[in-house]
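Colleague: Residue numbers (this note's numbering): 455 to 731.
Glycine residues also receive a C-beta, built at the ideal position from the N, C-alpha and C atoms.
Here you go, one structure.
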Amino acid sequence: MRHVRLPGGDKVPVLGLGTWGMGEARSRGPDMVAALALGIDLGMTLVDTAEMYGEGGAEELVGKAVAGRRDRVFIVSKVYPHNASRKGAVAACERSLKRLGTDRIDLYLLHWRGELPLAETLEAFRALRHSGKIRHYGVSNFDLGDMEEWWKLAGGDVTAANQVLYNLGRRGIEWELLPWLRRRGVALMAYSPIEQGKLLRKHALRAVAKRLNATPAQVALAWLLRREGVIAIPKAARAEHVRENRGALDLALSPEDLAELDAAFPPPAHAEPLAML
Ligand code: NAP
């Protein structure tokens, strides 16, 4: 497994596991726990969740999947913007910890920017870090302007990650945001790395995959993972998808493959507002 080094020195795997949509139907819980456990066993030891997913149901499943091997897993969770006040974020984090069955969250993110002042959220994140309830903090769905504003606040410049929509078909961040984060050593977590499956139907992606004897998902993930400082967090509830996604780490894309992908999915030619799902 390759790793990304976070500010502060921790190493996290470049390929993790998403959980959006998990924890909504109780009957499917055991399958989802098994898929997460398989991913962890295969080395995808970064698990991304949020209080929003299944209204806490996904965090409960993550808690079950990491039981007995908590120390091997890097847990990322997110606070709703409306909970991200000085007191609200602390209370939300404590509820998440209970559902996760753990005493600390490795990386705690503001899910997106809401109405509450960013300085209050940062104050809460710093207090949570000081008390050991979270180990790192960061943001999600922050475009360059939000990022610059956050960075200037007390504690903003030790932000570990920004989690945003990034995949072959959503390359807008390459213009400004991605280089800005790289210069500051902030990790970029790419969410919806296969655009919730929609990317896999694209002809050009399928053609490259066929030539490489790989699958479209593996090519889409390998394309993301080749970039320094980028972590991809595909969500897969099916064991065969988990195994397939792990295989992306063994796939090397040649300059010719990359040129073909660039032609079909061009990089941005100008600044674009950050896209969100
Ligand atoms: P995604 O990972 O791009 O796609 C997930 C979908 O693709 C699922 O339907 C999954 O099916 C399918 N899939 C996975 N691997 C596959 C493969 N090898 N072949 C074919 N299909 C495959 O979409 P996402 O869930 O939106 O994004 C990933 C994670 O990012 C989320 O789960 C969440 O943790 C995070 N996220 C964060 C934000 C944010 O605002 N911060 C927003 C969106 C997502 P099965 O489940 O049936 O295996």
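In this structure, how does DSSP classify residue 646 when only helix, strand and coil are distinguished?
Modeller: Note: residue 646 maps to coil in three-state DSSP.
Colleague: Can the beta-carbon of residue 696 be found less than 7 Å from the beta-carbon of residue 538?
Modeller: No, Cβ-Cβ distance for residue 696 and residue 538 is not below 7 Å.
Colleague: Can you tell me whether residue 499 sits near ligand 1, meaning its C-beta is under 6 Å from at least one heavy atom of the ligand?
Modeller: No - ligand 1 has no heavy atom lying nearer than 6 Å to the Cβ of residue 499.
Colleague: Is the Cβ-Cβ distance between residue 565 and residue 594 less than 7 Å?
Modeller: Going by C-beta atoms, residue 565 is nearer than 7 Å to residue 594.
Colleague: Cα separation between residue 578 and residue 616?
Modeller: Looking at the two C-alpha atoms, the distance is approximately 18 Å.
Colleague: Ligand 1 and residue 613: does any heavy atom of the ligand fall closer than 6 Å to the residue's C-beta?
Modeller: Because no heavy atom of ligand 1 lies under 6 Å away, the Cβ of residue 613 does not count as near it: no.
Colleague: Residue 589 by DSSP, collapsed to three states: which one?
Modeller: Reduced to three states, the DSSP call for residue 589 is strand.
Colleague: Inspect the CB distances between the segment 569-578 and the segment 629-644 and report whether three or more fall short of 8 Å.
Modeller: Contact between the segment 569-578 and the segment 629-644 is absent, because fewer than three Cβ pairs lie under 8 Å.
Colleague: For residue 544, I'd like the list of residues in its chain whose CB is within less than 7 Å of its CB, leaving aside the five on either flank, ordered along the chain.
Modeller: The residues are 578, 581, 582.
Colleague: Relative to the C-alpha of residue 722, which residue among 626, 702, 511 is closest?
Modeller: Nearest of 626, 702, 511 to residue 722, Cα basis: 626.
Colleague: Check whether the Cβ atoms of residue 547 and residue 587 sit closer than 7 Å, and answer yes or no.
Modeller: Cβ atoms of residue 547 and residue 587: closer than 7 Å.
Colleague: Terminal residues of the continuous beta strand (DSSP E) containing residue 490?
Modeller: Not the beta strand (DSSP E): residue 490 falls in the alpha helix (DSSP H), residues 483-495.
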